[in-house]
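Notes to accompany the following structure.
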Amino acid sequence: MRFELLFLDTVDSSLGRLDYASLPQQELMEMVIEGIANKEAICGDPVDPRDIEEWKGMIVEDGEVLEIKWDERDFKGSLYLE
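Taking this note's numbering, the leading residue of the sequence shown gets 858, the next gets one more, and so forth.
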């Protein structure tokens with residue numbers, strides 16, 4: 858019985874990595890608040906969040922997040938910042 862092992866040297870090293878720059882701001886912000894237990898205080902229904910233009914404490918212009926003002930909110934959980 859003969860076994861052959863083949864290594865592919867041309868495999869893309871970025872395969873499996875998420876390209877954050879290609880994601881829309883809506884998706885990125887939903888990822889940021891994923892770990893917050895009471896996220897409905899920001900986005901409404903956590904299963905079907907509102908558009909980020911309607912989120913509380915957010916300044917959004919042309920779909921681009923300019924400012925986040927969450928300093929006086931009583932959130933429980935953690936933010937996903939990467």
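The C-beta atom is built at its ideal place from N, Cα and C for all residues, glycine as well. Predicted model only: the values in this text are computed from it and were never measured.
Assigned secondary structure, valine 889 (DSSP; H/G/I helix, E/B strand, else coil): Here residue 889 corresponds to residue number 32 of the sequence shown, with the count starting at 1. If DSSP states are grouped into helix, strand and coil, valine 889 belongs with the helices.
Tell me where the alpha helix (DSSP H) around isoleucine 899 begins and ends. On the sequence shown, residue 899 is found 42 positions in, with the first residue counted as 1. Note, isoleucine 899: alpha helix (DSSP H), 897-900.
Cross-strand partners of glycine 873 (DSSP beta bridge): Taking the sequence shown and counting its residues from 1, the one referred to as residue 873 is at position 16. Its beta-bridge partners do not exist; DSSP assigns none.
Can you grab the Cα-Cα spacing for the pair glycine 901 / aspartate 908, in whole Å? The residue labelled residue 901 in the question sits at position 44 within the sequence shown. The residue labelled residue 908 in the question sits at position 51 within the sequence shown. Taking the straight line joining both Cα atoms gives about 10 angstroms.
Opening and closing residue of the beta strand (DSSP E) in which leucine 923 lies: On the sequence shown, residue 923 is found 66 positions in, with the first residue counted as 1. Run containing leucine 923: 921-925, per the beta strand (DSSP E) assignment.
Could you tell me which residues DSSP puts in a beta bridge with glutamate 918? By 1-based counting over the sequence shown, the position of residue 918 is 61. Paired residues: Glu921.
In whole angstroms, what is the alpha-carbon distance linking isoleucine 899 and aspartate 876? Position 42 of the sequence shown, counted from the first residue, corresponds to residue 899. Position 19 of the sequence shown, counted from the first residue, corresponds to residue 876. C-alpha separation (whole angstroms): 25 angstroms.
Just the Cα atoms here: how many angstroms apart are glycine 906 and arginine 874? To locate residue 906, count along the sequence shown from 1; it is residue 49. To locate residue 874, count along the sequence shown from 1; it is residue 17. Here the sequence assigns proline to residue 906, which means glycine is not the residue at that position. Cα-Cα distance, rounded: 25 angstroms.
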